[in-house]
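Enquirer: Just passing along the structure, written as structure tokens.
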Amino acid sequence: MDLSLNDTQQLIQDSARDFVRGSCSREALLEIDRKPQLFMQGIWPQMAELGWTGMAIPETYGGTGNCATDVAVLFEELGAGPVPGPLFSSAVLCARILLDSATEEAKRAWLPLIASGERVFALALTEAQYGWSSQGVKLAARGEREGFVLNGTKVFVHDAERATDLIVVGRIEGGEGISLFRVDAKTPGVTVRPLAGFIAGMSEVVFDNAHVRGADLIGQGGAAADEIERALIAVTPVLCAYKVGGCRAVFDLSLNYARERTQFGQVIGRFQRVQDHLIHMVNFLDSARWTTYEALWKLDSGMDAASSVHVAKSVSSESYMRACDYAHEVHAGIGVMREYGLTLHTRMSRSLYHCLGAPKTHRQRLEKVLGLVNG
Amino acid sequence: MNFGIEDSAEQGAFRDEVRAFLATAVPDNLEHAIDPVDMSYEQYQIRRALGRKLGAKGWLYPSMPVEYGGGDLSAEKVVILHDELSRVGLALPPYYDSGGKMAAPTILVWGTDEHKKRFLPPICRGEVRTWQLLSEPSAGSDLAGVKTTAVRDGDVYRVNGQKIFVGSSHGADYSWTIVVTDPKGERHKNLSWLMIPMNLPGITVQPMDLLATGGEAGSGSGVKNAVFFDDVRVPADHLVGGENNGWKVATTHLEVEHGGTGRLADRRVIYDFIEMCRDRRDGYAICDDAGARAEIVDLYIEAEITRLFALRNHWLAHTGQPRSYEGAQYSLRRKLSGLDMAEKMLRIAGPCVLTKDEKWGPLKGAIEYFQRDAITALHPGATTDIQKVVISRRLGIGGREKEKAGTLR
Numbered sequence: 001m002d003l004s005l006n007d008t009q010q011l012i013q014d015s016a017r018d019f020v021r022g023s024c025s026r027e028a029l030l031e032i033d034r035k036p037q038l039f040m041q042g043i044w045p046q047m048a049e050l051g052w053t054g055m056a057i058p059e060t061y062g063g064t065g066n067c068a069t070d071v072a073v074l075f076e077e078l079g080a081g082p083v084p085g086p087l088f089s090s091a092v093l094c095a096r097i098l099l100d101s102a103t104e105e106a107k108r109a110w111l112p113l114i115a116s117g118e119r120v121f122a123l124a125l126t127e128a129q130y131g132w133s134s135q136g137v138k139l140a141a142r143g144e145r146e147g148f149v150l151n152g153t154k155v156f157v158h159d160a161e162r163a164t165d166l167i168v169v170g171r172i173e174g175g176e177g178i179s180l181f182r183v184d185a186k187t188p189g190v191t192v193r194p195l196a197g198f199i200a201g202m203s204e205v206v207f208d209n210a211h212v213r214g215a216d217l218i219g220q221g222g223a224a225a226d227e228i229e230r231a232l233i234a235v236t237p238v239l240c241a242y243k244v245g246g247c248r249a250v251f252d253l254s255l256n257y258a259r260e261r262t263q264f265g266q267v268i269g270r271f272q273r274v275q276d277h278l279i280h281m282v283n284f285l286d287s288a289r290w291t292t293y294e295a296l297w298k299l300d301s302g303m304d305a306a307s308s309v310h311v312a313k314s315v316s317s318e319s320y321m322r323a324c325d326y327a328h329e330v331h332a333g334i335g336v337m338r339e340y341g342l343t344l345h346t347r348m349s350r351s352l353y354h355c356l357g358a359p360k361t362h363r364q365r366l367e368k369v370l371g372l373v374n375g
Numbered sequence: 376m377n378f379g380i381e382d383s384a385e386q387g388a389f390r391d392e393v394r395a396f397l398a399t400a401v402p403d404n405l406e407h408a409i410d411p412v413d414m415s416y417e418q419y420q421i422r423r424a425l426g427r428k429l430g431a432k433g434w435l436y437p438s439m440p441v442e443y444g445g446g447d448l449s450a451e452k453v454v455i456l457h458d459e460l461s462r463v464g465l466a467l468p469p470y471y472d473s474g475g476k477m478a479a480p481t482i483l484v485w486g487t488d489e490h491k492k493r494f495l496p497p498i499c500r501g502e503v504r505t506w507q508l509l510s511e512p513s514a515g516s517d518l519a520g521v522k523t524t525a526v527r528d529g530d531v532y533r534v535n536g537q538k539i540f541v542g543s544s545h546g547a548d549y550s551w552t553i554v555v556t557d558p559k560g561e562r563h564k565n566l567s568w569l570m571i572p573m574n575l576p577g578i579t580v581q582p583m584d585l586l587a588t589g590g591e592a593g594s595g596s597g598v599k600n601a602v603f604f605d606d607v608r609v610p611a612d613h614l615v616g617g618e619n620n621g622w623k624v625a626t627t628h629l630e631v632e633h634g635g636t637g638r639l640a641d642r643r644v645i646y647d648f649i650e651m652c653r654d655r656r657d658g659y660a661i662c663d664d665a666g667a668r669a670e671i672v673d674l675y676i677e678a679e680i681t682r683l684f685a686l687r688n689h690w691l692a693h694t695g696q697p698r699s700y701e702g703a704q705y706s707l708r709r710k711l712s713g714l715d716m717a718e719k720m721l722r723i724a725g726p727c728v729l730t731k732d733e734k735w736g737p738l739k740g741a742i743e744y745f746q747r748d749a750i751t752a753l754h755p756g757a758t759t760d761i762q763k764v765v766i767s768r769r770l771g772i773g774g775r776e777k778e779k780a781g782t783l784r
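Quick look at the structure:
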């Protein structure tokens, strides 16, 4: 038993922390928020340079083959920014799906380009009947001589506006099951429309007679449902770690504020009702942290991690959102001024709440793991 | 990170050794009382005998130094010991002994060599049982406001006063007691700790009638008592940690009591309850209902978080890592989640959770006991509000210097 980070992880943490403080400071992130194009121009090349785009990809395919906990340590720091996507979508989630599902030829074609940061992948799975499983997938792929024609609408697709390539989940007409397609985002008939409002980094993606080659069918047609499920289990704790970082950041922000802000002639942290908010936050932070890192340990040790992953995702999604709520209680007015930076987290905590399955979804899966329902 | 406890052949062999030991050391006539109040004197003696056998191996207090009768075992082996005892429905120690659990680590930090040599080995070997005496009728959360006095008179302290919520059934050999040694002194600078032999004249023990005892599975505390001191003459060299230095000594005691070293006795009752909800009788199971399933999953998640906080604290303390708010955080979580779980069980399973009736009470009355105990457990080792105060001070929320965690060895 050793609950500390190892030397490699310590190094990853240090360099990620430096990076977030420097290139992704509050000012920088607010600037990116106003001019989103700055991210891929300025930040993304640095992340690739640091090797982060290849961490979750094996050496054979141009990455560094780090374990899930290593990757999670990085993502905890990015979550503290919060540094927006598409690193998770591309280099963790889509990389994992390619590793699990693609032919050797396709892996050799695409994974090195993801690892170098030259190509950016996003997963187009969810549709109007929202949910992170293949059940709600209706997008149709009609076979033609050279390949397939895709028609349908994906929505709430994370990081699509920054992607060069999409992994599209669809159904081949006349066939059984779920299939995956790699689609160049510039393919005629593919339209990415970012969604406006409180939401962060999500788009609608419409496929209107978009043609893809036969070689762009990833893996065995019709067999992707289980592969997606497996890949989601494997990458979910990394996203959880991002939320741990988010919890930590809003807790630190609120603690410092409570220690400094004066009202009624004393710092507000002297008031026990304010203290209660901070106590809720540190409880959320630590609940998210330890459930997440235990799930990562199980994954890295090759153990059955399903129950821990479901617990971690439920806890971290709720923790991040509620930690932000309490942060707003502590900060009151200043907390909603965009320039203060808290709202970057507030928005992210909501936008990632459902990503990879909402707490409710993971709780329902836990019901199965605990033997409360059959199947 | 590594959450595993069985990574080496040595640890696996240790588990085998413990299991084999328990197979012969735990007698067939040991019975498990769901409510510790129901434990007979004979059964208590059986547990004491088992405690001495564990003590002889250094396993009764496995984190204490070998030179004082402990085991000085690694963090992993301590977890394995707790695991194996829990498997046979027991905890470490197998009977209530707050002196072993809280006084011993405190004496280790604050006692003189002479104190350590005299008081620790009998505790660690299971030869004596010690209660802790802190609360008084007018001093609960405000521990520093205790009024029991110990006035120096030659080579003794004369002790007068009353303590409540003390210990358990079937008596103790020592009482580890916080007293006022300077009645006119400044608050926090007037306290001391005495290790009082319970056979001295002038001590009266009177049972209290409580809803439950707020103890732990496997080593629940049984009947709580009021203890009266009527001019009890305690040898002066039984004062540990220095006269009027008692508040500092208390920081170590409270660090342990607040959960700073984690508690490894798991709440098997939660897992048994979940199992019960899966049971199908006459074609019906509690978990057939979607609302019940959702709450059962919440119970499970809560149990996981509490387990992980305890494991983290055990690791922090055992490996000498810096600690801050974690002890009180765990204690707060345990208390609040206990109450919440009890309420969920009531909602999920209905009024059967309130009875220990042989026909209608589930799990031989264990759930009924949990319902009472979860409420009672809100106060021992400080209320939830006090835990919040401790967390706040450790985090320095109020802008003051961050309070340090109590010293452990």
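These protein sequence lines map, in sequence, to chains C and X.
The numbering used here applies: residue 1 is where the first sequence begins, and numbers increase by one.
The numbering used here applies: residue 376 is where the second sequence begins, and numbers increase by one.
Each residue gets a CB set at the ideal place from its N, CA and C atoms; glycine is no exception.
All values reported here derive from a predicted model rather than from experimental measurement.
(1) Run through DSSP, which three-state label would ALA68 (chain C) get?
(2) Taking C-beta pairs closer than 8 Å, name the residues in chain X that MET55 (chain C) reaches, listed in chain order.
(3) According to DSSP, LYS538 (chain X) sits in a beta bridge with which residue or residues?
(4) According to the neighbour-count rule (16 or more other Cβ atoms, all chains shown, within 10 Å of its Cβ), is ASP612 (chain X) buried or exposed?
(5) Applying the 10 Å Cβ sphere with the 16-neighbour rule, what's the burial state of MET716 (chain X)?
(6) Closer than 8 Å between beta carbons: that is the criterion. Which residues of the region 707 to 741 of chain X meet it against chain C?
(7) Helix, strand or coil, according to DSSP, for HIS158 (chain C) in the structure here?
(8) Residues in the region 1 to 21 of chain C with C-beta within 9 Å of chain X's C-beta atoms, listed in sequence order?
(9) On the three-state DSSP scale, how would you describe PRO112 (chain C)?
(10) Which two residues bound the contiguous alpha helix (DSSP H) that contains LEU19 (chain C)?
(11) Establish whether the CB of ALA847 (chain X) and some CB of chain C are separated by less than 8 Å.
(12) Roughly how many whole angstroms lie between the Cα atoms of LEU93 (chain C) and LEU232 (chain C)?
(13) Name the one or two DSSP bridge partners that ARG533 (chain X) has.
(14) Helix, strand or coil for PRO188 (chain C)? Go by DSSP, reduced to three states.
(15) Mind checking whether LEU125 (chain C) and VAL169 (chain C) have CB atoms under 8 Å apart?
(16) Could you check if HIS457 (chain X) is buried or exposed, using at least 16 other CB atoms within 10 Å of its CB as the buried criterion?
(17) Roughly how many angstroms lie between the CA atoms of PRO697 (chain X) and MET281 (chain C), to the nearest whole one?
(18) Note down, in chain order, every chain C residue with its Cβ under 7 Å from the Cβ of ALA692 (chain X).
(19) Just checking my contact of LEU506 (chain X) with TRP551 (chain X) at CB under 8 Å: how many whole Å lie between their CB atoms?
(20) From X:ALA724, X:LYS734, X:GLY702, X:ASP530, pick the residue whose C-alpha is nearest to that of LYS763 (chain X); which is it?
(21) Counting pairs of Cβ atoms below 8 Å between the region 186 to 195 of chain C and the region 205 to 216 of chain C, do you hit three or more?
(22) Tell me the residue span of the alpha helix (DSSP H) that contains ASP276 (chain C).
(23) Who are the Cβ neighbours of GLY501 (chain X) in its own chain at under 6 Å, not counting the five residues just before and after it?
(24) Three or more C-beta pairs closer than 8 Å, one from the region 257 to 266 of chain C and one from the region 93 to 104 of chain C: is that the case here?
(25) Please classify ALA163 (chain C): is it buried, with 16 or more other beta-carbons within 10 angstroms of its beta-carbon, or exposed?
(26) Suppose the cutoff is 6 Å on Cβ atoms and the five residues either side in sequence are ignored; what does the same chain contact list for TYR744 (chain X) look like?
(27) Determine whether the Cβ of GLU679 (chain X) lies closer than 8 Å to any Cβ atom of chain C.
(28) Give the DSSP bridge partners of TRP506 (chain X), in chain order.
(29) Pull up the distance between the alpha-carbon of ASN209 (chain C) and that of LYS186 (chain C), whole angstroms please.
(30) Consult DSSP for GLU204 (chain C) and reduce its assignment to one of helix, strand or coil.
(31) Mapping DSSP to helix, strand and coil, what is PRO576 (chain X)?
(32) When we look at the beta-carbon of PRO480 (chain X) and count the other beta-carbons within 10 Å, is it buried (16 or more) or exposed?
(33) Using a Cβ-Cβ cut-off of less than 7 Å, give me the residues of the region 756 to 768 of chain X that come near chain C, in sequence order.
(34) Of all Cβ atoms in chain C, is any one closer than 8 Å to the Cβ of ALA519 (chain X)?
(35) Could you tell me the distance, in whole angstroms, from the CA atom of GLY546 (chain X) to the CA atom of ASP413 (chain X)?
(36) Comparing the C-beta of ILE279 (chain C) with each C-beta of chain X, is any distance below 8 Å?
Expert: Quick answer:
(1) helix
(2) Ordered by position in chain X, no residue passes the 8 Å Cβ test against MET55 (chain C), which lies about 17 Å from the chain.
(3) As a beta-bridge residue in DSSP terms, LYS538 (chain X) pairs with X:VAL602.
(4) exposed
(5) When all chains shown are included, MET716 (chain X) counts as buried.
(6) LEU707, ARG708
(7) strand
(8) Cβ contacts with chain X: MET1, ASP2, LEU3, SER4, LEU5, ASN6, GLN9.
(9) helix
(10) A small correction: the amino acid at residue 19 (chain C) is Phe; Leu does not occupy that position in the sequence shown. Where PHE19 (chain C) is concerned, the enclosing alpha helix (DSSP H) stretches over 7 to 22.
(11) The structure shown does not extend to residue 847 (chain X), since chain X is modelled only from 376 to 784, so the question has no answer here.
(12) 7 Å
(13) X:VAL526, X:ARG608
(14) In the structure shown, PRO188 (chain C) sits in coil (DSSP, three-state: anything other than H, G, I, E or B).
(15) Contact: yes.
(16) So HIS457 (chain X) counts as buried.
(17) 21 Å
(18) Within chain C, no residue comes near ALA692 (chain X); the closest Cβ sits about 12 Å away, beyond 7 Å.
(19) Per the sequence shown, residue 506 (chain X) should be read as Trp rather than Leu. Sure, about 7 Å apart at Cβ, within 8 Å.
(20) X:GLY702
(21) These segments touch.
(22) From DSSP, the alpha helix (DSSP H) with ASP276 (chain C) extends over 272 to 300.
(23) GLY426, ARG427, GLY430, LEU435
(24) no
(25) buried
(26) ILE409, ASP410
(27) yes
(28) X:SER550
(29) 13 Å
(30) strand
(31) Under the three-state reduction of DSSP output, PRO576 (chain X) falls in the coil class, being neither helix nor strand.
(32) buried
(33) LYS763, ILE766, SER767
(34) no
(35) 15 Å
(36) yes
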